[in-house]
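J.: Residues in the sequence shown are numbered from 401 upward in steps of one, following this note's numbering. Handing you a structure now.
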Amino acid sequence: MNVSEFVWKRLDEWGLKRVYGYPGDGVGGLDVALEKAKEYMEYVQVRHEEMAAFMASAHAKFTGEVGLCYATSGPGAIHLLNGLYDAKMDHVPVVAIVGQQARMGLGASYQQEVDLQNLFKDVAGDFVMQASVPGQVRHLIDRAVRIASARRVVTCVILPNDLQLMPYQDPPNAHGATHTGVGYAGPAKLPDDKVLREAAAVLNSGKKVAMLVGAGALQATDEVIAIADKLQAGCAKALLGKAALPDDLPWVTGSLGLLGTKPSWDLMQGCDTFLMIGSSFPYSEFLPKPGSARGVQIDMDAGALSLRYPMEVSMVGDSAVTLRALLPLLEQKTDTSWRGSVEKGLQSWWKTLEERAMQNAEPLNPQRVFWELSPRLPENAIITADSGSVANWYARDLKFRRGMKGSLSGGLASLGAGTPYAVAGKMAFPDRTVIACMGDGAMQMNGLNVMITISKYWKQWSNPRLIVLVLNNRDLNQVTWEERVQLGVGKTESTQSIPDFPYHKYAELLGLKGIFVDHPDKVGAAWDEALSADRPVILEAYTDPNVPPLPPHITLKDARNFMTSLIDEPERGSVIVNSAKEMLAGVLPGRKS
């Protein structure tokens, strides 16, 4: 057995069964060994190494397991970085295996020689190491997997290509050698009883409790519901925690922040007690004003505690375990007026969203596309979204039911992650329907590339349904609106306008199904056709770029900048009309045009 063969065998012993990657001479030994290991290690060949890293990140998010990717030396390793930063910033465990030039050539400015340890030092700062002898490889693989899992970080092992072909040897029983073993060790999960009682005292004293849950609460749905019911609380969700609670609960106010809902804004501004669970939500201005609410926070990462809001009690612990221990210490609140006000506001909000979705646009309102999808979402669907204005509609208009999964690039907010996320979801759960929600900018950046990967693998899935929705508005829409509102300038066409492209016809070139819709009355039928297809689909919706993704709270500065932007706005008429209709929706119910 050579070193490369040992690497795949050892990763299998750790329970890693799938690797996303792309070949190259820097990993030639690993490529050959992977072919021999296909009985226990599934290889997913991507079109670009960045997609491999995104898929590994999404695999970790959707399964809770360690994601695994590999790439060749030099440019291949460099290409991994963006997807690895996605994993780093969203705190999910990923191991990257990368090749390197032969050891003899290192330091000679050899072709494709890159200082990979320094290159990966930030993204894989908890553990990045280059192997130099076969007896070192065992503990490098073991430590990479164990540290990634325990700390929820990215780790990296660098393997020079000549070392990959050498006979593998266990480390000797000698001074300087170390002998590692396989086996996960979870971090501490339960706070001290004293801290739990301090947290309970704060929560019991509150009359208006607001909760915020993130990705750290995805496995704690029952516990969050039990706590919320006992505290008669309303609960908002950070974007990565969208699947943590079903949206059919009348006190779940939806997303918080720039992409969030008005009920979530009202919840945070009106509460006197704030419980934050498993979230590193970045936008402090959407949380309660410091000092206005007593705070309690639960997170596995001590570094995330009291980071966004000055908490009175901070607890390091697993969300589900900690909440179960906290529940019997809480007193059942009998005053339902606070929760009642939350539920009333939420009922009004859903009506407003429907009014906005039903407004006419030229030719199609993007919200209508999501509003029609929401009740059609299959049971246990997996939904991914890309960055851009599409994330607004994903966050607000889709009602997740229990059992669904959903994710996107959160902390990094990278464009182009939606389709590789969808592939990872489908590879991990081939029996589930997967829907990727894409803007045309993201589709042109990475999505067309990933469709080739989908065409390569779809016939092996037990359920062939993977739908890629593309909002074709010929505009880098989120940035266009950000510049209008944040900078006070009109659309800069040279940077924001992008080429039109027949996405649905491209699907047909690949042997997939393409559907095109540009009329609101045909959106529902288009979704029905896509959801009943016998193969993956690109559903292209030809939408209006000037429907504003309105934030839940508009500041005076934002309003002033928007008015200023109209002076040099090349699409002024459409922007004014669409903005007026969207802002009046819900204020003047029943007015569809």
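A virtual CB, placed ideally from N, CA and C, is assigned to each residue, including glycine. Since the model is a prediction, treat every value here as computed from it, not as a measurement.
Do Thr673 and Val609 come within 9 Å of each other at the CB atom, strictly closer than that value?
T.: yes
J.: Give me the residue from Glu882, Ser855, Ala548 and Ala933 with the minimum Cα distance to Ala907.
T.: For the residues Glu882, Ser855, Ala548 and Ala933, the minimum Cα distance to Ala907 belongs to Ser855.
J.: Only counting the same chain, and skipping five residues up and downstream in sequence, which positions put a Cβ closer than 7 Å to that of Cys671?
T.: Within the same chain, Cβ atoms closer than 7 Å to the Cβ of Cys671 are found at Lys608, Val609, Ala610, Pro688 and Ala693, the five residues on either side in sequence being excluded.
J.: Excluding the 5 residues flanking Gly924 on each side, which residues of the same chain have their C-beta closer than 7 Å to its C-beta?
T.: Glu772
J.: Starting from the C-beta of Met711, find all residues in its chain whose C-beta is less than 7 Å away, skip the five residues before and the five after it, and write them out in chain order.
T.: Gly695, Val696, Gln697 and Leu705
J.: The alpha helix (DSSP H) with Ser655 in it runs from where to where?
T.: Ser655 -> not in any alpha helix (DSSP H); beta strand (DSSP E) instead, spanning Val652 to Ser655.
J.: Which term fits Asp522, buried or exposed, when burial requires 16 or more other beta carbons within 10 angstroms of its beta carbon?
T.: It is exposed - the Cβ of Asp522 has fewer than 16 other Cβ atoms within 10 Å.
J.: Between Ile852 and the rest of its own chain, which residues show a CB-CB distance below 8 Å, the 5 nearest in sequence each way excluded?
T.: Excluding residues within five positions, the ones whose Cβ falls inside 8 Å are Arg447 and Leu910.
J.: Taking 9 Å as the cut-off, decide whether the C-beta atoms of Leu416 and Met441 are in contact.
T.: yes
J.: Report buried or exposed for Asp968, applying the criterion of at least 16 other Cβ atoms within 10 angstroms of its Cβ.
T.: exposed
J.: Taking the C-alpha atoms as reference points, what is the distance between Gly424 and Lys799?
T.: 43 Å
J.: Tell me, please, which residues DSSP counts as bridged to Ile625.
T.: Partner(s): none; Ile625 has no beta bridge.
J.: Pick out whichever of Val624, Asn863, Thr752 and Asp797 has its Cα sitting closest to the Cα of Ala996.
T.: With the chain represented from 401 up to 993, any question about residue 996 goes unanswered, as that position is not in the structure.
J.: Identify every residue that forms a DSSP beta bridge with Phe674.
T.: Ala610 and Gly695
J.: Would Leu723 be called buried (16 or more neighbouring beta carbons within 10 Å of its own) or exposed?
T.: buried
J.: Starting from the C-beta of Leu667, find all residues in its chain whose C-beta is less than 7 Å away, skip the five residues before and the five after it, and write them out in chain order.
T.: Ala610, Gly634, Ala636, Thr653 and Val742
J.: With 16 as the cutoff for other CB atoms within 10 Å, does Val498 come out buried or exposed?
T.: buried
J.: Exposed or buried, Pro820, counting other C-beta atoms within 10 Å across all chains shown (16 or more means buried)?
T.: buried
J.: Mind reading off the beta-carbon distance from Tyr903 to Leu764? Whole number of angstroms is fine, and I expect it under 8 Å.
T.: Not quite, the Cβ-Cβ distance comes to about 14 Å (not below 8 Å), so this is no contact.
J.: For the structure I just gave you, are there three or more beta carbon pairs, one from the segment 804 to 816 and one from the segment 752 to 771, closer than 8 Å?
T.: no
J.: Just how far apart, CA to CA, sit Glu982 and Asp542?
T.: As the crow flies, the alpha-carbon of Glu982 is around 54 Å from that of Asp542.
J.: Alpha carbons only, please: which of Ile976, Ile954 and Val850 is nearest the one belonging to Phe686?
T.: Cα-wise, what sits closest to Phe686 is Ile954.
J.: Can you tell me whether DSSP reads Phe527 as helix, strand or coil?
T.: Coil, per DSSP.
J.: Kindly indicate which three-state DSSP category Phe681 falls into: helix, strand or coil?
T.: DSSP places Phe681 in coil when its eight states are reduced to three.
J.: Report buried or exposed for Gly597, applying the criterion of at least 16 other Cβ atoms within 10 angstroms of its Cβ.
T.: One point to set straight first is that residue 597 is Arg, not Gly, in the sequence displayed. That one is exposed.
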